[in-house]
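These notes are about the structure you will find just below.
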Amino acid sequence: MARRLLGGDPLAAVELFPLSHPWAYAHVQQAKHNTWFPEEVPLHDDVRDWHERLSDEERRAVEMFLGFFNPMESLVTTNLLLSLYRAVTAPEARLYLARQAWEEANHVMAFEYVIKTLPLDRERVFGLHVEHPAVAAKELFQRQLAEQWLVTPDVESVEGLQRLVRNLVGYFVILEGIFFYSGFALALAFRQRNLLRGLCTIVDWVLKDESLHLSFGIHLITTILEEHPEIMSAAFGRQLRELILRAVELEEAYNRAVLPEPLIGLDADVLNRYVRYIADRRLEELGLPIAFGEPNPLRWMVAQVDMPEIVNFFEARNIHYEVGRARW
Ligand SMILES: [Fe+2]
Ligand SMILES: [Fe+2]
Numbered sequence: 001m002a003r004r005l006l007g008g009d010p011l012a013a014v015e016l017f018p019l020s021h022p023w024a025y026a027h028v029q030q031a032k033h034n035t036w037f038p039e040e041v042p043l044h045d046d047v048r049d050w051h052e053r054l055s056d057e058e059r060r061a062v063e064m065f066l067g068f069f070n071p072m073e074s075l076v077t078t079n080l081l082l083s084l085y086r087a088v089t090a091p092e093a094r095l096y097l098a099r100q101a102w103e104e105a106n107h108v109m110a111f112e113y114v115i116k117t118l119p120l121d122r123e124r125v126f127g128l129h130v131e132h133p134a135v136a137a138k139e140l141f142q143r144q145l146a147e148q149w150l151v152t153p154d155v156e157s158v159e160g161l162q163r164l165v166r167n168l169v170g171y172f173v174i175l176e177g178i179f180f181y182s183g184f185a186l187a188l189a190f191r192q193r194n195l196l197r198g199l200c201t202i203v204d205w206v207l208k209d210e211s212l213h214l215s216f217g218i219h220l221i222t223t224i225l226e227e228h229p230e231i232m233s234a235a236f237g238r239q240l241r242e243l244i245l246r247a248v249e250l251e252e253a254y255n256r257a258v259l260p261e262p263l264i265g266l267d268a269d270v271l272n273r274y275v276r277y278i279a280d281r282r283l284e285e286l287g288l289p290i291a292f293g294e295p296n297p298l299r300w301m302v303a304q305v306d307m308p309e310i311v312n313f314f315e316a317r318n319i320h321y322e323v324g325r326a327r328w
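Counting from 1, one number per residue, gives the positions in the sequence shown under full-length UniProt numbering.
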């Protein structure tokens, strides 16, 4: 009998084969090839750029980038371990969650390495997520989605499953798939000006991991919707869409705070058009109607963020963008 994706015995011993959800194991295999360590990237040139080539405004933008990413990496880990690991019981899916938790810890260490090496004003960077209203608003949005499921974990009722799916959309699709992508675009714009190339290599590697997390999350969500068609309704689809549109508003306000003036060839308007373009892609991936119809204003990001090709070797076909689409 196929193992349940959700709500099996949480203490059962791992018996991986036969796989009940081969897409999850395909993600584990892919993730193994993305193993890296922050100290592999030399930051000497970044230290020179930081002190000699960046303006005060550019340094502030880097601090804002790290000030959001660093606490969010730990919040993602907390949500994985305290919420999702309780709910998701298929062994191959748990294996991926454990791998992802390691990757998130690696991201924390990577940003620590940058903060320590440049060096950045640690207190200011770590204070931002509490003190800056645009950063704090995004964190509150994420915390509420984690809290709702932490307080009442439930994979049996329609309401419980819907709360879980909202959490998954909030973390995999919004945080990792929209907020982080917007941050990556800001960071990688420095490399477009030949600045902070070491930090941008780290961002490339983090982005590769995050693309896989996003892909896993989309598979997880669509599989839950397929296995529990009772939670799918037009009203629930609208709720998820509204969650994503609220996140776009938060990200737009954040980007206006990060870029009050144009910097490194980027202004808040262009970056926000990119956010709307990305949000439409995420809506599509969930099988929901797009909201903006915005063309990609950052063509150079295309090469950076292509979703990884996940080959489902069990069925010898590419499952990229071929997950069962939710129908609302
Ligand atoms: Fe991460
Ligand atoms: Fe992630």
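Don't be surprised by glycine CBs; every beta carbon is placed ideally from N, CA and C. In this text, all values refer to a predicted model and were calculated from it rather than measured experimentally.
Cβ neighbours of L66 within its own chain (closer than 6 Å, five residues either side excluded): F111, V125. Under DSSP, V88 takes part in a beta bridge, and its partners are L6. If you check the CB distance, N167 and L84 come in under 9 Å. Here S157 is exposed, its C-beta having fewer than 16 other C-beta atoms within 10 Å. In the DSSP assignment, L266 forms a beta bridge with L263. Put simply, of V203, Q30, E92, H129 the residue whose alpha carbon is nearest the alpha carbon of M109 is V203. In the same chain as L175, and ignoring 5 residues on each side of it, the C-beta atoms closer than 7 Å to its own belong to M72, V76, Q142, in chain order. Inter-residue distance for I278 and L245 is about 11 Å (C-alpha atoms, whole angstroms). Contact between A257 and A87 is absent: CB atoms are separated by about 35 Å, not below the 8 Å threshold. Taking a contact as a CB-CB distance under 8 Å, the pair D49 and L196 counts as one, their CB atoms being some 6 Å apart.
Counting of Cβ neighbours within 10 angstroms places D56 among the exposed residues, the total staying below 16. Per DSSP, reduced to three states, the secondary structure at L19 is coil, with no helix or strand assignment.
Under the DSSP assignment, S215 falls in the alpha helix (DSSP H) whose first and last residues are 197-227.
It is roughly 10 Å from the alpha-carbon of V302 to the alpha-carbon of A185. Straight-line measurement puts the Cα of I221 at about 20 Å from the Cα of Q29. In the structure shown, H132 adopts coil according to DSSP, grouped into three states. Distance from the CA of G183 to the CA of R163, rounded to the nearest whole angstrom, comes to 27 Å. Q144 is classed as exposed because its beta carbon has fewer than 16 other beta carbons within 10 Å across all chains shown. By the neighbour-count criterion, in which a residue is buried when 16 or more other Cβ atoms sit within 10 angstroms of its Cβ, H44 is exposed. E131 and L16 have their C-alpha atoms spaced approximately 45 Å apart.
Counting C-beta atoms within 10 angstroms of its own C-beta, T117 has 16 or more neighbours from the protein chains shown and is therefore classed as buried.
In this model, P42 and G177 are separated by some 28 Å (Cα to Cα). Where H44 is concerned, the enclosing alpha helix (DSSP H) starts and stops at 44-48. Straight-line spacing of the CA atoms in L150 and L82 works out to 7 Å. For D56, the enclosing alpha helix (DSSP H) starts and ends at 56-78. A Cβ-Cβ distance of about 39 Å is found for the pair I115 and L161, leaving them out of contact under the 8 Å criterion.
If you draw a straight line from the Cα of E103 to the Cα of L95, it is about 13 Å long. Sequence-distant partners of V206 (beyond 5 residues in either direction) whose C-beta falls short of 7 Å from its own C-beta, in its chain, are H107, A110.
For A24 against A90, the beta-carbon gap comes to about 7 Å, under 8 Å, which counts as contact. Look at V114 here: in three-state DSSP terms it is helix. Judged by DSSP in its simplified three-state form, V41 adopts coil rather than helix or strand.
Per DSSP, reduced to three states, the secondary structure at L120 is coil, with no helix or strand assignment. The DSSP-derived three-state label of H51 is helix. A Cβ-Cβ distance of about 11 Å is found for the pair V165 and G217, leaving them out of contact under the 8 Å criterion.
Annotated as distal: N296 and V275, with beta-carbon spacing of 9 Å or more.
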